[in-house]
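Undergrad: Numbering (our numbering), first residue to last: 202 to 464.
We treat Cβ as the ideally placed atom computed from N, Cα and C, and that holds for glycine.
1. With H, G and I counted as helix, E and B as strand and the rest as coil, what does DSSP make of residue 271?
2. Just to check my reading of the structure: residue 218 and residue 459 have Cβ atoms closer than 8 Å, yes? What is that Cβ distance to the nearest angstrom?
3. Do the CB positions of residue 390 and residue 423 come within less than 7 Å of each other?
4. Would you mind reading off the limits of the beta strand (DSSP E) that contains residue 384?
5. Looking only at C-alpha atoms, which of 351, 378, 250, 266 sits nearest to residue 232?
6. When the Cα atoms are used, what is the spatial distance from residue 461 to residue 444?
7. In the DSSP assignment, find the beta strand (DSSP E) that holds residue 292 and state where it starts and stops.
8. Starting from residue 417, trace the alpha helix (DSSP H) both ways and give me its first and last residue.
9. Relative to the alpha-carbon of residue 395, which residue among 387, 412, 407, 383 has its alpha-carbon at the smallest distance?
10. Nearest to residue 419 by alpha carbon, out of 274, 398, 408?
11. Would you mind stating whether residue 351 and residue 388 have Cβ atoms separated by less than 7 Å?
12. Can you round the beta-carbon distance between residue 293 and residue 261 to whole angstroms, since I take them to be within the 8 Å contact cut?
13. Across which residues does DSSP place residue 229 in a beta bridge pair?
14. Which whole-angstrom value is the C-beta distance of residue 302 and residue 254, which I expect to be below 8 Å?
15. Are residue 362 and residue 298 closer than 7 Å when you measure CB to CB?
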């Protein structure tokens with residue numbers, strides 16, 4: 202689920218939204234971590250505390266605020282911020298993706314995917330209600346990453362937010378699938394890849410052994426006409442899992458997707 206900047210002091214809105222999802226593992230995109238536009242809050246830690254989840258991680262893609270002033274990470278800056286991070290690491294101002302898990306996490310992993318050298322003009326809605334004025338703006342692509350949580354229950358969950366540049370995002374997804382398969386083999390687990398892939402219809406699974414466990418239009422949340430958000434598996438088929446339908450959360454321009462996997 203994409204998280205927008207927190208407006209004013211509406212932390213309760215974010216808490217209500219995540220509680221309404223009722224999941225054991227959550228993947229988030231567009232995560233702010235101590236950025237002024239979100240009241241300088243650590244969003245993944247806040248969500249973990251709301252859900253009484255011990256394990257959480259935030260993987261910064263940039264230092265600063267996307268669309269405004271940002272830079273790439275330096276070598277001495279942490280690539281992962283978790284519940285076990287030191288105080289100095291947790292206080293970093295950054296933006297990226299995150300995972301919160303009620304299931305104990307054995308290990309965290311990160312894959313750097315780079316960014317497209319060219320941006321694109323994108324249609325941007327005025328707000329999350331669909332009533333704001335639509336704008337066309339040129340957007341520079343930011344570095345993209347994948348974050349993996351190896352869980353104690355035998356699954357590896359990979360979360361990502363791919364580039365919006367056609368072709369480049371497909372190449373990124375191919376890298377993630379290979380990485381997820383390798384990681385699952387090394388850890389004796391099964392892999393799931395989820396997130397905002399910025400790819401429509403069947404493109405995320407076309408020409409591969411991966412299956413989409415959810416078929417649902419997810420964007421925009423106030424009248425979804427296209428699917429950008431997926432949960433993919435190489436070992437499971439949609440018939441062996443149960444998609445969970447979610448209503449708009451009221452805080453994001455994407456609809457959340459969910460799936461129940463039988464034990």
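TA: Taking the structure as given:
1. strand
2. Wrong, their Cβ atoms sit about 13 Å apart, outside the cutoff.
3. no
4. No beta strand (DSSP E) contains residue 384, which is instead part of the alpha helix (DSSP H) from 369-388.
5. 266
6. 6 Å
7. Careful: residue 292 lies outside any beta strand (DSSP E) and carries neither H nor E.
8. Run containing residue 417: none; DSSP gives neither H nor E here.
9. 412
10. 398
11. yes
12. 7 Å
13. 299
14. 6 Å
15. yes
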